[in-house]
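First comes the structure, then the notes that go with it.
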Amino acid sequence: MTDDPKAQTRFDPAEAEPRLMQRWLDSGLFDAPAEGTAAENFSIAIPPPNVTGALHMGHALNGTIQDVLTRTNRMRGRRSRWILGTDHAGIATQKQVEKRLIEQGTSREEIGREAFVEQVWSWRREFGGQIIEQFKRLGASLDYTRERFTLDDDYALAVQKVFCELYDDGLIYRDYYMVNWDPGSRSAISELEVEDREVTDTLYEIAYPLSDGDGEVVVATVRPETMLADTAVAVNPDDERFAHLVGRTVTLPLVGRTLTIIADDYVKTDFGTGCLKITPGHDPNDFEIGRRHGLGEITVIGEDGRMNEQATRYAGLPVAEARERIVAALREQGLLRGEEPYTHTVPFSHRSGERIEPLISLQWFMSMGELAAPAIEAVTSGRVQIHPESQSRRYVDWLENIRPWCVSRQLWWGHQLPVWYRGEDETYVGMQPPQDPGWTREEDVLDTWFSSALWPFATLGWPQDTPDLRAFYPTDVLSTARDILFLWVARMVMMGLRFADNVPFEHVYVHSVIQAPDGRRMSKSLGTGIDPLEEIDKHGADAVRFGLLAMSSTQDVRYSSEKVEQGQALATKLFNASRFVLLNVQPGVAAAPRPTTPADRWILSRLQHVITDTSRRVDEFEFARAALGIYDFVYGELCDWYLELVKGREFDEDLSATLLHVLGETLALAHPVIPFVTEEIWDLIPATEGLLAAGPFPQGDPALLDEDAETQIGAVIDAVRAVRAWRNEAGVPAGAVLPARLVASGYEQTAALVARLARLDLEAGAADPAEAAASVVVPGGAAELLPAAGVDPQEQERRRAARRAELEGEIRRAEGKLANPGFVAKAPAELVATERAKLDQLREELAAG
RNA sequence: GGGCGCUUAGCUCAGCUGGUCAGAGCGCCGCCUUUACACGGCGGAAGUCCUCGGUUCGAGUCCGAGAGUGCCCACCA
Numbered sequence: 003m004t005d006d007p008k009a010q011t012r013f014d015p016a017e018a019e020p021r022l023m024q025r026w027l028d029s030g031l032f033d034a035p036a037e038g039t040a041a042e043n044f045s046i047a048i049p050p051p052n053v054t055g056a057l058h059m060g061h062a063l064n065g066t067i068q069d070v071l072t073r074t075n076r077m078r079g080r081r082s083r084w085i086l087g088t089d090h091a092g093i094a095t096q097k098q099v100e101k102r103l104i105e106q107g108t109s110r111e112e113i114g115r116e117a118f119v120e121q122v123w124s125w126r127r128e129f130g131g132q133i134i135e136q137f138k139r140l141g142a143s144l145d146y147t148r149e150r151f152t153l154d155d156d157y158a159l160a161v162q163k164v165f166c167e168l169y170d171d172g173l174i175y176r177d178y179y180m181v182n183w184d185p186g187s188r189s190a191i192s193e194l195e196v197e198d199r200e201v202t203d204t205l206y207e208i209a210y211p212l213s214d215g216d217g218e219v220v221v222a223t224v225r226p227e228t229m230l231a232d233t234a235v236a237v238n239p240d241d242e243r244f245a246h247l248v249g250r251t252v253t254l255p256l257v258g259r260t261l262t263i264i265a266d267d268y269v270k271t272d273f274g275t276g277c278l279k280i281t282p283g284h285d286p287n288d289f290e291i292g293r294r295h296g297l298g299e300i301t302v303i304g305e306d307g308r309m310n311e312q313a314t315r316y317a318g319l320p321v322a323e324a325r326e327r328i329v330a331a332l333r334e335q336g337l338l339r340g341e342e343p344y345t346h347t348v349p350f351s352h353r354s355g356e357r358i359e360p361l362i363s364l365q366w367f368m369s370m371g372e373l374a375a376p377a378i379e380a381v382t383s384g385r386v387q388i389h390p391e392s393q394s395r396r397y398v399d400w401l402e403n404i405r406p407w408c409v410s411r412q413l414w415w416g417h418q419l420p421v422w423y424r425g426e427d428e429t430y431v432g433m434q435p436p437q438d439p440g441w442t443r444e445e446d447v448l449d450t451w452f453s454s455a456l457w458p459f460a461t462l463g464w465p466q467d468t469p470d471l472r473a474f475y476p477t478d479v480l481s482t483a484r485d486i487l488f489l490w491v492a493r494m495v496m497m498g499l500r501f502a503d504n505v506p507f508e509h510v511y512v513h514s515v516i517q518a519p520d521g522r523r524m525s526k527s528l529g530t531g532i533d534p535l536e537e538i539d540k541h542g543a544d545a546v547r548f549g550l551l552a553m554s555s556t557q558d559v560r561y562s563s564e565k566v567e568q569g570q571a572l573a574t575k576l577f578n579a580s581r582f583v584l585l586n587v588q589p590g591v592a593a594a595p596r597p598t599t600p601a602d603r604w605i606l607s608r609l610q611h612v613i614t615d616t617s618r619r620v621d622e623f624e625f626a627r628a629a630l631g632i633y634d635f636v637y638g639e640l641c642d643w644y645l646e647l648v649k650g651r652e653f654d655e656d657l658s659a660t661l662l663h664v665l666g667e668t669l670a671l672a673h674p675v676i677p678f679v680t681e682e683i684w685d686l687i688p689a690t691e692g693l694l695a696a697g698p699f700p701q702g703d704p705a706l707l708d709e710d711a712e713t714q715i716g717a718v719i720d721a722v723r724a725v726r727a728w729r730n731e732a733g734v735p736a737g738a739v740l741p742a743r744l745v746a747s748g749y750e751q752t753a754a755l756v757a758r759l760a761r762l763d764l765e766a767g768a769a770d771p772a773e774a775a776a777s778v779v780v781p782g783g784a785a786e787l788l789p790a791a792g793v794d795p796q797e798q799e800r801r802r803a804a805r806r807a808e809l810e811g812e813i814r815r816a817e818g819k820l821a822n823p824g825f826v827a828k829a830p831a832e833l834v835a836t837e838r839a840k841l842d843q844l845r846e847e848l849a850a851g
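Numbering-wise, the working numbering comes out as the position in the first sequence, counting from 1, plus 2.
In structure tokens form, the structure reads like this:
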């Protein structure tokens, strides 16, 4: 740097960030060796982004959070590894590739499974690296040398081993069950991938004639087409209106089947007609009822979302069309008793967007109760701590009510089940294919979350007992958004405890969701998304990182570009403050705290506070406070005051050493939040060697805390502010130096500082016997301004009157408080004494002024 | 239908264990090219802390009710 006025006064992120990232990568700092124990090391496993994905705001926030934790702990000297990888994301990836095939005029079915899977792999080779590169833009200090993928060969072995062991233990089994069938992806999907949407349908009332011709029952339904699969009608056992009907039969219209009227508690007496058609094949509740009563299970809708051959003359029709025809037929036969609009929530597939069709099918399930119990205990005992704590209850509630998990998916992209069948009833499950002939492999693949559940240990080489596993498992923190607490976090805890003999992480941090500025969800389809990469282009990665942390909390928050700009301002400020320091310090001086004045002692003391606060806030996941606390120190203390106080002094060795010390500590403290600009400045300081990212992180030195200096400089700050405010209101020209006397105690060592920053001439004032033209209250007394050009006596009078009114108000308040017998009797004595002293002081000032 | 949050300056938000807590950033107004920074500095205006009750000597801060708003869970045809 030079003192050339044209010298760079701004940090240029676009130029510097890629260069600095490359330096970090080349240094090998991010790939911590597999040495030592997990207790002494620090690790985080990144929530693996979808291999098809692009960096969105959630990634950017979560990436920043994890990076702050990793960088802080790395600088503290712990071997720190942030484990990187991507998820094969079954449905999403398969859909992308299918779309491309269709654009190419072919299809998945046409090219066959083997070719299709090869297509997906080549797709991954082509596009899978995108999001990794985007994490680099953010400055994420991930271990890029050990990128993992949930479909890697050794990862697949881990998945198969888990599957086989759970099967051998009887926790994985095959069963007919009602599943959420997604006609879009032609696959069963988990209840966690279902989203409910409000839909207005028509609620039809249909008459089912009693078989003996003696009347009818009327049922209500929004899905008349499923009546073809009805196997009973149910009423509530306590419903007197229908008690006489239980046990009798009706004839199912259009079909002619005879249905028994059964009694079941599930039926509400105050909803619909009080009579419920039971369709075990197409409704989850009816399925349960059917199982209770041993009813038949008829299926009339196929996996393609069309009526099947059981639906006789409606076979092959899409569901909606079948419905219309059935309603028409009923109307014609005079059996339609009512028809009205009805708004209710209906399940849709989160992935394909199509309406879920509940179907009975043969699927693979995982029994969860036995796995859930230890996972609950891990959290209630505190071995896994969830932050904020309120999320723990949701976690426990969910696990306590957990149901079997359908783990099979009818996809081609994923971990194919290690299951083979022969004939009607032979099943083989194993790591190796059966050697004898006649076996065919199960076509289904596992739910993507099955492999994700193994992430924290499968990435470290499990089931081998690897050095990586010993050095980094369990990990320290898992940072995520709320929405996958169940989908993923709970399952990782279960699997970790079952297979890796320990919890997968000690802390779960649930971060906020960043919404669009107008409060809507950020989403591509709504057009409300903000691209973090564009924000990085505009403001720099440091600014985006700072902004995201500053705006985040445990609450969902709206995206605030002001906070990003605040971060950019911080980077610029720090850059220029550093220029000032480097332009003035003596060459060859080593950084060290060598205070010679109250101001030096003050900044060192303030530095200790911000160091302890920041360190604690990071450890307590208070990222917004950590970021804003750094901002407040840099702006409100270092730049606004210390650097200004220091001007006018000779930059001797002591001062140079102190300035370099404060600067260096500040850079290290801020580095985890704004790594680029701090590393760049660090590199510009002549005396420093190596990377700032390599640490150390400031520890603070309690011996440098200095209350006396804080009081003295606190008074200087207040006094300067008071005089400046007075000058501004009095219209004193900004450059004018006013003769004045400082009639106040506590400024023995600092009067000159007040004079310089407030532009007062105390020597001229002392020599001048004239009566004060104005008196400005400052801590410990007053600054008396003498008559001079620009000092307006009327302004003084106005201010005096305003101050008097203010004093009177405060005196009334204090008097009232002290006149309250309750306050004097019950409030702490110390507080009462303070109040009395305050009152005395106020009265004194009023009398004087 | 349950459960959990939120409602503080024009905007976005801090305010932890009740007593200088009425704050920050942006915006707005005024002044300043003061030799680190005009993507700057200095100063200023601005809020019945959603409403109503209660606890307390004292409440944005605790309790209850209500209004508004958001999220999660749930099988009402």
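Glycine included, each C-beta is placed from N, C-alpha and C at the ideal position.
Segments assigned alpha helix (DSSP H), at least 4 residues, entirely inside the stretch 424-461: Within the stretch 424-461, the complete alpha helix (DSSP H) runs of at least 4 residues are 450-454, 457-460.
task: Look at the alpha carbon of Ser555 and the alpha carbon of Leu788, and state the distance between them as a whole number of angstroms.
output: Position 553 of the first sequence, counted from the first residue, corresponds to residue 555. Position 786 of the first sequence, counted from the first residue, corresponds to residue 788. In this structure, the alpha-carbon of Ser555 lies about 51 Å from that of Leu788.
field: Exposure of Tyr561, with buried meaning 16 or more beta-carbon neighbours within 10 Å
entry: As a working mapping, residue 561 is identified with position 559 in the first sequence. So Tyr561 counts as buried.
- prompt: In chain order, which continuous runs of the beta strand (DSSP E) of length 3 or greater are located wholly inside the stretch 715-758?
  reply: Whole beta strand (DSSP E) segments, 3+ residues: 740-746.
field: Within 7 Å, strictly: CB atoms of Ala34 and Arg78
entry: For this step, residue 34 is matched to residue 32 along the first sequence. For this step, residue 78 is matched to residue 76 along the first sequence. For the pair Ala34 and Arg78, the CB atoms are not nearer than the 7 Å cut-off.
message: Need the endpoints of the alpha helix (DSSP H) that Asp156 sits in, please.
response: As a first step, residue 156 is located in the first sequence; it is residue number 154 there, counting from the start. Unbroken alpha helix (DSSP H) run through Asp156: 155-170.
message: Give me, in chain order, the residues of the same chain whose beta-carbon lies closer than 6 Å to that of Gln387; leave out the 5 immediate sequence neighbours on both sides.
response: To locate residue 387, count along the first sequence from 1; it is residue 385. Hits under 6 Å: His509.
field: Contact set for Gly38: own chain, Cβ-Cβ below 8 Å, skip 5 residues either direction
entry: Residue numbering aside, residue 38 sits at position 36 when the first sequence is read from its first letter. Residues Arg81, Ala473 of the same chain have their beta carbon placed closer than 8 Å to that of Gly38, with the five preceding and five following residues left out of the count.
- prompt: Mapping DSSP to helix, strand and coil, what is Val201?
  reply: The sequence position of residue 201 within the first sequence is 199, counting from 1. Three-state DSSP puts Val201 in a strand.
- prompt: Roughly how many angstroms separate the alpha carbons of Asp602 and Tyr644, rounded to a whole number?
  reply: The count along the first sequence starts at 1 and reaches residue 602 at position 600. The count along the first sequence starts at 1 and reaches residue 644 at position 642. Going from the Cα of Asp602 to the Cα of Tyr644 covers about 8 Å.
Own chain residues within Cβ distance below 7 Å of Trp400, not counting five before or after: Counting from 1 along the first sequence, the entry for residue 400 is found at position 398. The residues are Phe488, Ala492.
message: Strictly by DSSP, which residues pair up with Ser777?
response: Position 775 of the first sequence, counted from the first residue, corresponds to residue 777. Ser777 is bridged to Glu786.
- prompt: On the three-state DSSP scale, how would you describe Ser525?
  reply: Looking up residue 525 in the first sequence gives position 523. Three-state result, Ser525: coil.
- prompt: Apart from the five residues on each side of it in sequence, which residues of its chain come closer than 8 Å, Cβ to Cβ, to Arg325?
  reply: Here residue 325 refers to the residue found at position 323 when the first sequence is read from its first residue. Taken in chain order, the residues that qualify are Arg225, Pro226, Glu227.
message: Tell me which residues share the same chain as Ser768 and place their Cβ nearer than 8 Å to its Cβ, disregarding the 5 neighbours each side in the sequence.
response: Start at 1 with the first residue of the first sequence, and residue 768 comes out as number 766. According to the sequence provided, residue 768 is Ala. The question's Ser does not apply to it. Here the set comprises Arg743.
- request: Could you tell me the boundaries of the alpha helix (DSSP H) in which Ala543 lies?
  value: Position 541 of the first sequence holds residue 543. That run of the alpha helix (DSSP H) goes 543-553.
- prompt: Between Ala47 and Thr477, which are expected to be in contact by the criterion C-beta below 8 Å, what is the C-beta distance as a whole number of angstroms?
  reply: Within the first sequence, residue 47 is the residue found at index 45, counting from 1. Within the first sequence, residue 477 is the residue found at index 475, counting from 1. Contact between Ala47 and Thr477 holds, since their C-beta atoms are separated by about 5 Å, short of 8 Å.
task: Taking Asp198 as the reference, give the member of Arg815, Arg357, Trp183 with the closest Cα.
output: Here residue 198 refers to the residue found at position 196 when the first sequence is read from its first residue. The shortest Cα separation from Asp198 among Arg815, Arg357, Trp183 belongs to Arg357.
- prompt: From the DSSP output, which residues share a beta bridge with His284?
  reply: Position 282 of the first sequence, counted from the first residue, corresponds to residue 284. In DSSP, His284 forms no bridge with anything.
Cβ-based neighbour list, Ala816, same chain, cut-off 7 Å, excluding 5 preceding and 5 following: Translated into positions along the first sequence, residue 816 becomes position 814. Excluding sequence neighbours, Ala816 sits near Glu837, Lys840, Leu841, Leu844.
task: Over the uninterrupted beta strand (DSSP E) stretch that includes Glu341, give me the two end residues.
output: For the purposes of this step, residue 341 is taken as residue 339 along the first sequence, with counting starting at 1. Element bounds for Glu341: 338-351.
- request: Rounded to whole angstroms, what's the CA-CA distance from Pro469 to Asp145? Just pull it up for me.
  value: Along the first sequence, one-based indexing puts residue 469 at 467. Along the first sequence, one-based indexing puts residue 145 at 143. Taking the straight line from one Cα to the other gives about 16 Å.
- prompt: Apart from the five residues on each side of it in sequence, which residues of its chain come closer than 6 Å, Cβ to Cβ, to Gly549?
  reply: Position 547 of the first sequence, counted from the first residue, corresponds to residue 549. So the qualifying residues of the chain are Lys565, Val566, Gly569.
message: Need the endpoints of the alpha helix (DSSP H) that Asn238 sits in, please.
response: Taking the first residue of the first sequence as 1, we reach residue 238 at position 236. Taken as a continuous stretch (DSSP letters only), Asn238 belongs to no alpha helix (DSSP H), as it is neither H nor E.
query: Would DSSP call Gln136 helix, strand or coil?
result: Residue numbering aside, residue 136 sits at position 134 when the first sequence is read from its first letter. Looking at Gln136 - three-state DSSP - the assignment turns out to be helix.
query: Leaving out the 5 sequence neighbours to the left and right, which residues in its chain are closer than 7 Å to Gln10 when beta-carbon positions are compared?
result: Looking up residue 10 in the first sequence gives position 8. None.
- request: State the Cα-Cα distance for the pair Ser394 and Ile133, rounded to the nearest angstrom.
  value: Along the first sequence, one-based indexing puts residue 394 at 392. Along the first sequence, one-based indexing puts residue 133 at 131. Roughly 31 Å separates the two Cα atoms.
message: Going by DSSP in three states, Lys819 sits in which element: helix, strand or coil?
response: Taking the first residue of the first sequence as 1, we reach residue 819 at position 817. Under the three-state reduction of DSSP, Lys819 is assigned to helix.
- request: Please name the residue in Leu669, Ala545, His673, Gln557 whose C-alpha comes closest to that of Ala593.
  value: Counting from one through the first sequence, the residue named residue 593 turns up at place 591. The shortest Cα separation from Ala593 among Leu669, Ala545, His673, Gln557 belongs to Leu669.
query: Secondary structure at Trp2, three-state DSSP: helix, strand or coil?
result: Absent from the model: residue 2. The displayed extent of the chain is 3 to 851, so no value can be given.
- prompt: Taking buried to mean at least 16 other C-beta atoms within 10 Å of its own C-beta, is Ala721 buried or exposed?
  reply: Translated into the one-based positions of the first sequence, residue 721 becomes position 719. Residue environment analysis places Ala721 among the buried positions, since at least 16 neighbouring C-beta atoms fall within 10 angstroms of its C-beta.
message: Please classify Tyr175 as buried or exposed, where buried requires at least 16 neighbouring CB atoms within 10 angstroms.
response: To locate residue 175, count along the first sequence from 1; it is residue 173. Answer is exposed; the Cβ neighbour count stays below 16.
- request: Name the two residues that bound the continuous alpha helix (DSSP H) containing Thr95.
  value: For the purposes of this step, residue 95 is taken as the residue at position 93 of the first sequence. Boundaries of the alpha helix (DSSP H) harbouring Thr95: 92-105, taken from the DSSP string.
query: Under 6 Å from any heavy atom of the ligand ADP, does the C-beta of Gln568 make it?
result: Judged by which ligands are present, the structure shown has none, so any question about the ligand ADP falls away.
- request: Identify, in the order they occur along the chain, each residue of the same chain with its Cβ nearer than 7 Å to the Cβ of Met368, setting aside the five sequence neighbours on each side.
  value: As a working note, residue 368 is residue 366 in the first sequence. Only residues of its own chain outside the window of five on either side were considered, and among them Leu168, Leu173, Ile174, Pro406, Trp407, Val409 have a CB closer than 7 Å to the CB of Met368, listed in chain order.
query: Does the distance from the C-beta atom of Tyr475 to that of Ala190 stay below 7 Å?
result: On the first sequence, position 473 is the one that residue 475 refers to. On the first sequence, position 188 is the one that residue 190 refers to. Contact: no.
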